[in-house]
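Numbering (the numbering used here), first residue to last: 17 to 96.
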């Protein structure tokens, strides 16, 4: 499964490789932990998150997670 979201921000992002580091920011507000938390949650589920530059448009964040198909009949038998 893949999800993408775009963010309008600084048009020039020379420190993009640091966006998943704790307390890194280019702004004056916020906790600077949002993307770190996202990275941790995605990694905990075996996924990957990456930031892509969109020149003149901000950034795009792509999250990839493995999809799991659950057999509902088998799942309900295991619970019984």
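Ideal Cβ positions, reconstructed from N, Cα and C, are used throughout, including at glycine.
As the structure is a computational prediction, the values presented were derived from the model and not from experiment.
Check: Is the distance from the Cβ of residue 69 to the Cβ of residue 75 below 8 Å?; Outcome: yes
Check: Kindly give me the distance between the Cβ atoms of residue 63 and residue 81, rounded to whole angstroms, as I take these residues to be in contact under 8 Å.; Outcome: 4 Å
Check: Is residue 66 closer than 8 Å to residue 78 when the C-beta atoms are compared?; Outcome: yes
Check: Alpha carbon to alpha carbon, what distance is there between residue 85 and residue 50?; Outcome: 29 Å
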